[in-house]
Amino acid sequence: MGGLDNDNRGNGQQEFSAQRRFQNMEPVVRQLLTPGQEIDLAACQTISCPGILLVGNSHINSDVFKLRGVDHQSIGPLVYPGKSAVLDFLDIPGHNFTITKDGREVVTQRTFGKSSDRHDSVYYGELPDILGAGYKLYYAPVNTNGLHVRLIWGPHTELQYPVMSGLPEIPGRDLDRIRNVWKKVNLVDK
């Protein structure tokens with residue numbers, strides 16, 4: 003396969019960009035999910051969500067999942083702190099876990115609202131594995147990305163918000179478990 007930006011469409015090859023795929027799925031997902039809604043297995047099945055995409059450095063480690071400044075900000079009605087990710091409608095597994103540089107750029111911009119750099123890599127994970135690692139997934143659309151989600155450590159969802167002080171840190175074993183969920187997506191030329 004030639005990466006995610008080309009798709010065979012009956013009448014020869016037609017350019018079908020990652021950006022276009024996301025744009026096509028945003029209204030569908032916005033109609034089926036409510037901002038702040040937990041995406042459990044039933045909700046994932048409703049939207050036919052094949053997986054989750056995460057942007058990290060070229061070698062993902064447990065520190066990626068430690069909460070930092072922006073991770074604590076509310077997104078719409080969602081008050082739980084967590085890490086940004088995006089629903090995968092690019093069919094990463096169907097493309098042999100590859101993505102083009104343009105595809106990586108789209109995923110990075112949609113996840114963080116910034117351009118990617120040469121150190122950014124895309125990682126793929128599936129909801130059952132995320133749940134098995136003790137995390138939950140919530141729908142957290144933002145103005146520039148209707149497919150934005152937030153990965154939240156389960157015990158953080160049991161607290162009363164706002165938490166004024168003493169938000170429990172995520173234990174190292176749980177950081178390791180969530181890190182092991184993700185498979186690196188290989189970057190390919192067009």
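Numbering follows this note's numbering, with no gaps: position 118 of the sequence shown is 120.
The beta carbon of each residue, even a glycine, is placed where N, CA and C say it ideally should be.
Starting from residue i, trace the beta strand (DSSP E) in both directions and tell me its first and last residue.
{"i": "Gly-168", "result": "Looking at the DSSP string, Gly-168 is not in any beta strand (DSSP E), and its letter there is neither H nor E."}
{"i": "Leu-189", "result": "185-190"}
{"i": "Arg-70", "result": "Neither: Arg-70 is in no beta strand (DSSP E) and is coded neither H nor E."}
{"i": "Gly-58", "result": "54-58"}
{"i": "Ile-180", "result": "Counting along the chain, Ile-180 falls outside any beta strand (DSSP E), though it belongs to the alpha helix (DSSP H) covering 174-181."}
Tell me whether the beta-carbon of residue i lies closer than 9 Å to the beta-carbon of residue j.
{"i": "His-121", "j": "Ser-64", "result": "no"}
{"i": "Asp-176", "j": "Trp-155", "result": "yes"}
{"i": "Met-139", "j": "Leu-153", "result": "With the sequence shown as reference, residue 139 is identified as Leu, and Met is not the correct amino acid for it. Yes. Within cutoff."}
{"i": "Gly-148", "j": "Val-31", "result": "yes"}
{"i": "Leu-69", "j": "Ile-172", "result": "yes"}
{"i": "Asn-125", "j": "Lys-186", "result": "Strictly speaking, residue 125 in this sequence is Tyr, with Asn absent from that position. Yes, the Cβ-Cβ distance between Tyr-125 and Lys-186 is below 9 Å."}
{"i": "Ser-118", "j": "Glu-128", "result": "no"}
Between which two residues does the alpha helix (DSSP H) harbouring residue i extend?
{"i": "Ala-45", "result": "43-48"}
Just how far apart, CA to CA, sit residue i and residue j?
{"i": "Phe-114", "j": "His-150", "result": "9 Å"}
{"i": "Asn-8", "j": "Gln-25", "result": "Because the pLDDT at Asn-8 is just 38, under 50, the model does not fix this residue reliably, and the value given afterwards should be weighed accordingly. Cα-Cα distance, rounded: 16 Å."}
{"i": "Ala-20", "j": "Gly-134", "result": "29 Å"}
{"i": "Val-165", "j": "Asp-191", "result": "46 Å"}
{"i": "Ala-45", "j": "Thr-36", "result": "10 Å"}
{"i": "Ile-180", "j": "Val-88", "result": "16 Å"}
Beta-carbon of residue i versus every beta-carbon of chain B: anything under 9 Å?
{"i": "Gln-21", "result": "Absent from the structure: chain B. Only one protein chain is present."}
Entirely enclosed alpha helix (DSSP H) segments - the stretch 81-147, minimum 4 residues:
Unbroken alpha helix (DSSP H) stretches of 4 residues or longer found wholly inside the stretch 81-147: 103-114 and 129-134, given in chain order.
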